[in-house]
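Residue numbers are given in UniProt numbering: position 48 of the sequence shown equals residue 48, and the series is strictly consecutive.
Below is one structure, written out as structure tokens, with a few remarks after it.
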Amino acid sequence: MSGKKSNLQTEVTISKSEFKASVVKHLHCTLGTDENKANNHAWWKATCAAMQEQVLEGLRKTQKTHYLNDTRAVHYFSAEFLMGRLLSNNLQNFGLFDVANDALNELGVSLSDVLEEEPDMALGNGGLGRLAACFIDSLATMDLPAIGYGIHYEHGLFRQEIQGGAQIERPDSWRDYGNPWEICRPESIQEVSLYGYVETKYGENGRIQKEWHPGHIVKGVPWDIPVVGYGGKNVNVLRLWQSKSSGYFNWDVFNAGGYVDAQVENVQAETISKVLYPNDETEAGKELRLIQQYFFCACSLKDIIRRYKRAHGDDWSRFTDQVVIQLNDTHPAIAIPELMRILVDRAELDWDSAWAICTKVFAYTNHTLLPEALEKWPARMIEKILPRHLEIIYEINHRFMKEVDKKWPGDNEVKAKLSIIEEGNEKMVRMGNLSVIGSFAVNGVAEIHSKLVKQNLFPEFDALWPGKLTNVTNGITPRRWLKACNPSLSKLIDKKVGADWPLDLKQLEGLAKYADNKTFQKQFMQVKQQNKEVLAAEIKRSLDLDVDTNAIFDVQIKRLHEYKRQHLALLHIMALYRRLLENPDYDMHPRVFIFGAKAAPGYKLAKDIIFAINKVAEKINNDARVNNKLKVAFLPNYRVSLAEKMIPAADVSEQISTAGKEASGTGNMKLALNGAITVGTLDGANIEIAEEVGDDNIFIFGLTVDEVNALKKSGYKPYDYYYKNAEIKAVLDWMETDYFTPGKPGALSSIKQSLLDHGDQYLVLADYEAYSEAQKRVDEAYRDKERWARMAIINTAKMGKFTSDRSIQDYVERVWKLKSCPVNKA
Ligand code: 9GP
1 MSGKKSNLQT EVTISKSEFK ASVVKHLHCT LGTDENKANN HAWWKATCAA
51 MQEQVLEGLR KTQKTHYLND TRAVHYFSAE FLMGRLLSNN LQNFGLFDVA
101 NDALNELGVS LSDVLEEEPD MALGNGGLGR LAACFIDSLA TMDLPAIGYG
151 IHYEHGLFRQ EIQGGAQIER PDSWRDYGNP WEICRPESIQ EVSLYGYVET
201 KYGENGRIQK EWHPGHIVKG VPWDIPVVGY GGKNVNVLRL WQSKSSGYFN
251 WDVFNAGGYV DAQVENVQAE TISKVLYPND ETEAGKELRL IQQYFFCACS
301 LKDIIRRYKR AHGDDWSRFT DQVVIQLNDT HPAIAIPELM RILVDRAELD
351 WDSAWAICTK VFAYTNHTLL PEALEKWPAR MIEKILPRHL EIIYEINHRF
401 MKEVDKKWPG DNEVKAKLSI IEEGNEKMVR MGNLSVIGSF AVNGVAEIHS
451 KLVKQNLFPE FDALWPGKLT NVTNGITPRR WLKACNPSLS KLIDKKVGAD
501 WPLDLKQLEG LAKYADNKTF QKQFMQVKQQ NKEVLAAEIK RSLDLDVDTN
551 AIFDVQIKRL HEYKRQHLAL LHIMALYRRL LENPDYDMHP RVFIFGAKAA
601 PGYKLAKDII FAINKVAEKI NNDARVNNKL KVAFLPNYRV SLAEKMIPAA
651 DVSEQISTAG KEASGTGNMK LALNGAITVG TLDGANIEIA EEVGDDNIFI
701 FGLTVDEVNA LKKSGYKPYD YYYKNAEIKA VLDWMETDYF TPGKPGALSS
751 IKQSLLDHGD QYLVLADYEA YSEAQKRVDE AYRDKERWAR MAIINTAKMG
801 KFTSDRSIQD YVERVWKLKS CPVNKA
């Protein structure tokens, strides 16, 4: 079948020669260099600048359209946006990728080399931040009026180096040499108050008025990153706030010799947007995090209100028609009392009217059930930094407690549980409860997670406000996670189902009918093979390790956390190694286990697991006895751009969290979309993936949520598994020797201790046998080339549900009540 053209109408039609001329113009006039002198970095900047011309024109038209139509908009508040690189994505979304490729070719420059010059915008940690990035891509693509609000961190997530097997954190400097996409908007600077005290006054009408006298004021400087929708017509904005001192440079102090003192205030103010997630093990670190959260919420609310007032003046009656704010986790929950403060103290609305507005504006997404991730701030800390907000939180709580009392008269237990304030040695403010109380809708991120949010986390809230807690299953943008990152597969798909699937992912279903077609199977697996070769080259470049591309590429990429159980995979790798040493003829298809993971800098055991993976890898990779069958590659500095290389090359996708712990996962969706087969537990979105692809096309293993709970209730004893299963025992005991860490026995023993002496909280040993069995099924399936190809094709074909466009459509219908507003030809 010949290639089918897309129905996509792109806004921009620019020829190769025009694009080429534009790149050269920017090389000369923006960068002050020329074709002979320019290195790849300069070419990258010039190409971005050429692209940005189109982007900014789209942005102007979009903003004008939204203004003229006075649209209702969603404001996505998120402490994280893990955007990755933008050039290739923007070229793809404008339909200009091939044009740019050809134009640069004629200039003697390789586009793929140029793309490698772009530093990742890593302003996020993992799933939550990447979800935010996928969502703003979908919002722009679906012509929905939307703006992302976050922090313009000077340093994003740390750059990970591996030294002697251990993770070392280095600062990430994504904008050291300038970022060609962002636009500073000094005209929209906001001021934010901190510290100080609250004065109680009586107004003319005898009404009590509160006035906050701040001790400190900082400036929020907005930087806009254009977000290009697919087709290039609609361009939304991600607005990130940078903190600056509100005062001016202190000349007098400086001239009097106080060179450092003159800059102290600047340094303090600029610290706010310095780093993503400052270490919060110290009191100062905790304070800084709270200030960061308040800083970006306060700036963003002021920005929203400024825009609203431009159209509606002081009439607040239409505010809830125009504005909806999505709180991405509890990080922006402080926006709730901030809006109350603005409405009550500044706009002088009465409390009930203000609260009625507030509770129609906010909606909250919960992304985790892990208690350590549900934020609580000491009341005393809020009182110090935001004294008026603490009063408001108390007032919200006081009124809410009355409502609780009406529903459960005299029930102090339920009150203690639902209260925003947790009593104890230290009074704490529970941001989760505040978010639920102050929002009109609360959602989890996969069916099972949302069910557990209702059943286990917030059951009383569900009883109090039936229908408020809902589900929106996560999704991923197919533009980045298939079209852009896997061009060969995309082209093959275009030939079979047409080229419109990036906008309507359900069209991939059309591939299912070719799942048994030998020619298509061959083509599909050829693409996989090519992608494996690309990744193999990356592994060689990065680790100087040769891997066999006929081996199964078994990929586990995600943050390092005990609940995600990279150590379960490690135990299995060690077991395979042992089996091979004991029996050189042990029958297994060659496998390369490939990891990418960063551990939180203060999370000791997570770092120990990284160390252990690297040490085991070192031993196995240098052991000629097993080398033709087994290799292990831990690729350092896992990030979006590395994921884009790993995902298209994966045969197997490891999604092996303890059931009930992974809220959704999104890597599971990306890998399946690119034809990897999941080995997974019945957790998060794995369950929905299994429903879509069917039991024959996924390897499910392990305890279910109910079984996990039952086992824990009955008193889980990890030692039972250790003594019962000789392989588990042998592998764990191996960790205590110096086999993997010559001269340093016990260097890996913290993992054994956590699994045996510290109770194996995440049931690694309980699931080990089932996991090992599942891996045997994988091995068997892979040897049957046709069966495997069929499974891979079905996985790609059945991923339609997991486009982030569907998630956004669910939000639009169930939560935001938003209308699309296509851009006029302005
Ligand atoms: O751990 C969840 C992950 O399962 C989910 O896919 C992602 C996006 O919803 O959020 C993660 N949660 C966090 O990063 C912190 O709560």
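Glycine included, every Cβ here is placed at the ideal spot set by N, Cα and C.
Item	Value
Go ahead and label residue 399 buried or exposed: buried means 16 or more other beta carbons lie within 10 angstroms of its beta carbon, across all protein chains shown.	exposed
Can you tell me whether residue 593 is helix, strand or coil according to DSSP?	strand
Taking all protein chains shown into account, decide if residue 3 is buried (16 or more other Cβ within 10 angstroms of its Cβ) or exposed.	Residue placement at residue 3 is flagged as unreliable, the pLDDT there being 41, under the threshold of 50; the coordinate-derived value follows with that caveat. When all chains shown are included, residue 3 counts as exposed.
Can you name, in chain order, every residue of its own chain whose Cβ lies under 7 Å from the Cβ of residue 397, other than the five neighbours on each side?	419, 420 and 421
Using only Cβ atoms and a threshold of 6 Å, which residues come within that distance of a heavy atom of ligand 1? Order them by chain position.	126, 127, 128, 131, 329, 367, 368, 373, 445, 474, 662, 663, 664, 665, 666 and 684
To which residues of the same chain is residue 42 closer than 8 Å at the C-beta, ignoring the five residues directly before and after it?	27, 31 and 33
Do three or more CB pairs link the stretch 209 to 217 to the stretch 70 to 87 at distances below 8 Å?	no
Bridge partners of residue 312, per DSSP?	Note: residue 312 sits in no beta bridge, so no partner.
Taking DSSP as the reference, what is the three-state secondary structure of residue 224?	strand
What span of residues does the alpha helix (DSSP H) with residue 567 cover, start to end?	566 to 582
If you draw a straight line from the alpha carbon of residue 1 to that of residue 496, how long is it in whole angstroms?	Low confidence applies to residue 1: its pLDDT is 34, below 50, so where it sits in the model is not reliable enough to give any reading.
Can you give me the C-alpha to C-alpha distance between residue 120 and residue 174, rounded to a whole angstrom?	7 Å
Buried or exposed for residue 424, going by 16 or more other Cβ atoms inside 10 Å?	exposed
Is it true that the CB of residue 59 sits closer than 8 Å to the CB of residue 237?	yes
Helix, strand or coil for residue 333? Go by DSSP, reduced to three states.	coil
So residue 281 is in the beta strand (DSSP E); what residue range does that whole segment cover?	No beta strand (DSSP E) holds residue 281; DSSP gives it neither H nor E.
Around the Cβ of residue 282, are there at least 16 other Cβ atoms within 10 angstroms (buried) or fewer (exposed)?	exposed
If distances are taken between C-alpha atoms only, which option among 626, 311, 316 and 293 comes closest to residue 337?	293
Among residues of its own chain, excluding the 5 on either side of residue 822, which ones have a beta-carbon nearer than 8 Å to its beta-carbon?	65, 143, 233 and 234
From what residue to what residue does the beta strand (DSSP E) around residue 247 run?	No beta strand (DSSP E) holds residue 247; DSSP gives it neither H nor E.
Going by other Cβ atoms of all chains shown within 10 Å of its Cβ, with 16 needed for buried, is residue 99 buried or exposed?	buried
Can you give, in chain order, each stretch of the alpha helix (DSSP H) that sits fully within the stretch 51 to 82 and has at least 4 residues?	none
Using DSSP with H/G/I as helix, E/B as strand and the rest coil, what is residue 378?	strand
Leaving out the 5 sequence neighbours to the left and right, which residues in its chain are closer than 7 Å to residue 746 when beta-carbon positions are compared?	736
In angstroms, rounded to a whole number, what distance separates the CA positions of residue 48 and residue 675?	31 Å
Alpha carbon to alpha carbon, how far is residue 69 from residue 469?	32 Å
What does residue 358 pair with, by DSSP beta-bridge criteria?	DSSP lists no partner for residue 358.
Using 10 angstroms around the beta-carbon of residue 311, count the other beta-carbons present and answer buried if the total reaches 16, otherwise exposed.	exposed
Scan the stretch 156 to 207 and note each continuous alpha helix (DSSP H) run of 4 residues or more that stays entirely inside, going in chain order.	none
Need the endpoints of the beta strand (DSSP E) that residue 554 sits in, please.	552 to 557
Pull up the distance between the alpha-carbon of residue 438 and that of residue 354, whole angstroms please.	11 Å
Is DSSP giving residue 239 helix, strand or coil here?	strand
For residue 763, which three-state DSSP category applies?	coil
Quick check: the Cα distance between residue 816 and residue 575, rounded to an integer number of angstroms?	50 Å
Under 8 Å by Cβ, that's how I've got residue 640 and residue 130 pegged, so tell me the actual separation to the nearest angstrom.	7 Å
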